[in-house]
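Just below is one structure, and these are the notes that go with it.
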Amino acid sequence: MDLLIPSTGLLFWMSLTFLVVLFILWKFGFPVITSMVQERKAFIDDSLRQAREANERLANIQKEGESILQEARDKQAQILKEAAATRDAIVEKAQVKAREEGARLINDAKAEIEQEKKAAIADIRKQVAELSVEIAEKVLRQNLKGDKAQMDLIDRMLNDVSSNE
2 MDLLIPSTGL
12 LFWMSLTFLV
22 VLFILWKFGF
32 PVITSMVQER
42 KAFIDDSLRQ
52 AREANERLAN
62 IQKEGESILQ
72 EARDKQAQIL
82 KEAAATRDAI
92 VEKAQVKARE
102 EGARLINDAK
112 AEIEQEKKAA
122 IADIRKQVAE
132 LSVEIAEKVL
142 RQNLKGDKAQ
152 MDLIDRMLND
162 VSSNE
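The opening position of the sequence shown corresponds to residue 2 in the numbering used here, with each subsequent residue numbered one higher.
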């Protein structure tokens with residue numbers, strides 16, 4: 002039974018030791034532990050406050066980012082609009098220039114065709130004049146005696162001219 006009921010001396014010393022340890026802890030341990038818990042609580046409260054502030058700043062930064070992004074989109078749209086207008090102006094200028102160049106080329110070609118036509122007509126007239134002179138020369142050389150001989154000669158020469166062409 003000694004195991005279940007301690008002796009009085011042991012109980013006295015255990016109680017005295019317990020009270021001494023309790024007094025020492027009460028005097029020196031608990032205030033330190035309490036102050037550490039208070040410091041930890043203050044640190045946690047401060048960290049939570051800083052986290053809230055950081056969240057608020059983050060929300061503000063996100064709003065600013067969205068506004069900057071929207072502004073960038075607006076600028077991009079404006080730049081694209083200006084680029085399209087510039088492109089259209091350049092295309093229009095190129096088309097006008099191409100039309101003018103085409104009209105100039107057509108006019109130059111018409112003038113060249115007209116010159117070649119005039120040169121061809123002049124050449125034909127020259128050839129007709131030369132043939133006429135040749136015919137007249139041959140007629141005069143043979144010194145024709147009658148109308149029939151002259152007509153035969155003219156028909157022959159005309160046949161020669163038409164067969165040469």
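Cβ atoms here follow ideal geometry from the backbone N, Cα and C, with glycine treated the same way.
| Asked | Found |
| --- | --- |
| So, under 8 Å CB-CB, residue 92 and residue 132 are touching, yes? Tell me the CB distance rounded to an integer number of Å. | Rounded, the Cβ-Cβ distance is 58 Å, inconsistent with contact. |
| Do residue 158 and residue 125 have their beta-carbon atoms positioned less than 8 Å apart in this structure? | no |
| In angstroms, rounded to a whole number, what distance separates the CA positions of residue 155 and residue 148? | 11 Å |
| What residues in its chain sit with their C-beta under 8 Å from that of residue 106, if we drop five residues either side in the sequence? | none |
| Could you give the DSSP three-state label for residue 5: helix, strand or coil? | coil |
| With a threshold of 7 Å, establish whether the CB of residue 85 neighbours any heavy atom of the ligand SAH. | This structure lacks the ligand SAH; in fact it carries no ligand of any kind. |
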